[in-house]
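If you're matching positions, the sequence shown starts at 1 in UniProt numbering and goes up one per residue.
Backbone N, C-alpha and C fix where the C-beta goes; we use that ideal spot for every residue, glycine too.
For clarity, every value in this text was computed on a predicted model and none was experimentally measured.
Below is one structure, written out as structure tokens; comments come after it.
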Amino acid sequence: MIKAIIFDFDGLIVDTETAWFEAYKETMSLYKVDLPLERFVECVGSDNTALYEFFKQQLGESCDIAEIEAKAKSLYKIKMKTPQAREGVKDYLEEAKKWGYKIAIASSSTKEWVTHYLKELGLLHYFEVMITQDDVDKVKPAPDLYLKAVDALNISPNEALAFEDSLNGLQAALAAGLKCVIVPNPVTESLPFENYDLRLTSMTEKRFIDVIKQIEQ
């Protein structure tokens, strides 16, 4: 029986991923380098290690990661000037709260990053537990974030349902023993998702309680 829902943050609650992809792609074009989507998605849901490796391969010794980051960040800020929660997110949180489910976040980003956006979106009060990269040694696809979240919620992994938009996130949730609903965004929709319990195009596709019923069948 599901007792808690654990949300990923980036790309799931608010689509930061598309803005970052566009920002990095535009930045790399200044260096005459194309950033293919399939290279960018390697880092989605995890950290930027794979992305920085790609930059170094393309630019060699002249690669200045700090400079690339600074340029991409300023473009990202312009694109995300007025962040919006993804469709149906607030309804799911509202319904989950109404039905008495525990609600948590498990994110590979920093606590400061996640908290900033949740405050701006007016969603912070829904989450009783927030586990981020600040709390673990390894981010997704390692299961640590989810294991720590279920521990903090005082439940077992099979009593939690994860909502994810990325392959790294799905792998983390499954490795931790959770069931997982995939809600991809434009950047992640073509990823080779496997072994998930349900896939939605957005949270408006099915009511929250119907998702729970389907998962529990």
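Quick one: grab the DSSP three-state call for residue 54. The residue you call residue 54 lines up with position 54 of the sequence shown. Here DSSP, grouped into helix, strand and coil, assigns residue 54 to helix.
Once DSSP output is grouped into helix, strand and coil, what is the label at residue 199? Taking the sequence shown and counting its residues from 1, the one referred to as residue 199 is at position 199. Looking at residue 199 - three-state DSSP - the assignment turns out to be strand.
Any idea if residue 171 is buried or exposed, counting beta-carbon neighbours within 10 angstroms, 16 or more meaning buried? In the sequence shown, residue 171 corresponds to position 171, counting from 1. Residue 171 comes out buried.
Between the C-alpha atoms of residue 185 and residue 87, what's the straight-line distance to the nearest angstrom? Translated into positions along the sequence shown, residue 185 becomes position 185. Translated into positions along the sequence shown, residue 87 becomes position 87. Spanning the two alpha carbons is a distance of roughly 11 Å.
Would the beta-carbon of residue 8 fall within 8 Å of that of residue 164? What you label residue 8 is simply residue 8 of the sequence shown in a count that begins at 1. What you label residue 164 is simply residue 164 of the sequence shown in a count that begins at 1. Yes, they are a contact pair.
Residues near residue 197 by beta carbon distance below 7 Å, same chain, minus five either side: By one-based count along the sequence shown, residue 197 stands at place 197. Cβ neighbours of residue 197 beyond the five flanking positions: 179, 180, 181, 215.
Inter-residue spacing [alpha-carbon to alpha-carbon] between residue 207 and residue 153: As a working mapping, residue 207 is identified with position 207 in the sequence shown. As a working mapping, residue 153 is identified with position 153 in the sequence shown. So the two alpha carbons sit approximately 24 Å from each other.
For the structure I just gave you, are there three or more beta carbon pairs, one from the stretch 137 to 149 and one from the stretch 102 to 110, closer than 8 Å? yes
Please look up how many angstroms separate the CB atoms of residue 149 and residue 129, rounded, as I've assumed it's under 8 Å. Taking the first residue of the sequence shown as 1, we reach residue 149 at position 149. Taking the first residue of the sequence shown as 1, we reach residue 129 at position 129. Confirmed, about 6 Å.
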